[in-house]
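Notes follow once the structure below has been shown.
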Amino acid sequence: MPLTFPSHLAPALALKMWRPRWFDGVALCTGAVAPDVAYLTSGPVGSSFPDTHAWPALLWWCLPVALAYAAAFRIGADSIAAHLPGDRRFGWRRHGSLARWPHRWWITVSSALVGAASHLGWDRLTHTDDWLRTLFGIRWSAVTDVAWWSVSDLTSTAVGAVAAVVLTARLGRRGSPAAAPDLARRPGLFWGVTAVIGVVGLAVVPLLPGASVLAATVVRLLHVAGLALLAGGLAVRFGTSVPASHAR
Numbered sequence: 515m516p517l518t519f520p521s522h523l524a525p526a527l528a529l530k531m532w533r534p535r536w537f538d539g540v541a542l543c544t545g546a547v548a549p550d551v552a553y554l555t556s557g558p559v560g561s562s563f564p565d566t567h568a569w570p571a572l573l574w575w576c577l578p579v580a581l582a583y584a585a586a587f588r589i590g591a592d593s594i595a596a597h598l599p600g601d602r603r604f605g606w607r608r609h610g611s612l613a614r615w616p617h618r619w620w621i622t623v624s625s626a627l628v629g630a631a632s633h634l635g636w637d638r639l640t641h642t643d644d645w646l647r648t649l650f651g652i653r654w655s656a657v658t659d660v661a662w663w664s665v666s667d668l669t670s671t672a673v674g675a676v677a678a679v680v681l682t683a684r685l686g687r688r689g690s691p692a693a694a695p696d697l698a699r700r701p702g703l704f705w706g707v708t709a710v711i712g713v714v715g716l717a718v719v720p721l722l723p724g725a726s727v728l729a730a731t732v733v734r735l736l737h738v739a740g741l742a743l744l745a746g747g748l749a750v751r752f753g754t755s756v757p758a759s760h761a762r
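Pasting the structure below:
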């Protein structure tokens, strides 16, 4: 499968750049990763959860997961953004306060569904060569012994990752420095907590059921990174008692 992060975010970021008022960017992105969250439950022989990459799963799995992840992201996003490197290139703080919900509920819900649909559609294109036969009359298996998915997954992962980085930088440059929240920065506390949670998570992941399943391990490692950053952001947010304007 194409890499959950950052590759699967590319379509979501492109849509947000195309029509920023039409979409909730956070919900688009959490929707784009929602189908793969089920890999957290993988057992020794693979997924122990119903298929979350089927179209009906958009409603019973992807939507609630995307909304829950969007809420969790917004809790610590501002504090995390204030400590991420590369602000000049990516403009993390130019996005304004990500903690608020700036869109109507139906925009957030539809964005989550569109983001998840982009994931499922992308996976369909990379897992089957039927569309090559339909559009171009090319039968992949007849001209090469290499499985189509092994080529398409790697290629689209690389292209999607590059596109996601470029789009992130462009979206950051579109923002306004005046919109940046006035937050205290405590790099020592933030990165200290992040490192501790990260190390604990890295030690636990190999011990979990299904650790030999590559997709499950990758998704779990991404969650470790996300939880570590969230813990660091919350530590700064709730551990700072002085106003940001007076913090050194």
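Residue numbers (the numbering used here): 515 to 762. Ideal Cβ positions, reconstructed from N, Cα and C, are used throughout, including at glycine.
Alpha helix (DSSP H) segment containing residue i, residue limits
i, result
"isoleucine 711", "701 to 718"
"proline 578", "577 to 595"
"phenylalanine 604", "601 to 604"
"arginine 638", "619 to 641"
"proline 525", "523 to 532"
"arginine 607", "Neither: arginine 607 is in no alpha helix (DSSP H) and is coded neither H nor E."
"leucine 572", "Here leucine 572 belongs to no alpha helix (DSSP H), and DSSP marks it neither H nor E."
"leucine 721", "Careful: leucine 721 lies outside any alpha helix (DSSP H) and carries neither H nor E."
"phenylalanine 752", "728 to 753"
Contact check, residue i vs residue j, beta carbons under 9 Å
i, j, result
"phenylalanine 519", "leucine 736", "yes"
"valine 559", "glycine 724", "yes"
"alanine 742", "valine 718", "no"
"alanine 683", "arginine 603", "yes"
"serine 521", "glycine 747", "no"
"proline 516", "threonine 640", "yes"
"leucine 581", "valine 628", "no"
"alanine 730", "leucine 722", "yes"
Spatial neighbours of residue i in its chain, beta-carbon cut-off 7 Å, leaving aside the 5 residues before and after
i, result
"arginine 607", "Ala595, Ala596, Asp601, Ala694"
"tryptophan 654", "Asp643, Leu646, Trp662"
"tryptophan 569", "Leu634"
Close Cβ partners of residue i (< 6 Å) along its chain, the five nearest in sequence each way excluded
i, result
"leucine 523", "Cys543, Ala546, Ala678"
"phenylalanine 704", "His597, Gly746, Val750"
"aspartate 538", "His617, Ile621, Thr622, Ser625"
Closest by C-alpha distance to residue i, when choosing among the options
i, options, result
"tryptophan 709", "Leu722, Ala729, Ala739", "Sequence inspection shows alanine at residue 709; the tryptophan mentioned does not correspond to that position. Minimum Cα distance to alanine 709 is reached at Ala739."
"arginine 751", "Leu722, Arg699, Val732, Gly715", "Arg699"
"alanine 584", "Pro599, Pro616, His567", "Pro616"
"alanine 541", "Ala613, Asp637, Gly702, Thr658", "Ala613"
"serine 670", "Lys530, Arg638, Arg618", "Arg638"
So, do the segment 566 to 582 and the segment 628 to 646 have three or more beta carbon pairs nearer to each other than 8 Å? yes
Could you check whether the segment 524 to 540 touches the segment 550 to 558, counting it as contact only if at least three pairs of C-beta atoms, one from each stretch, sit closer than 8 Å? no
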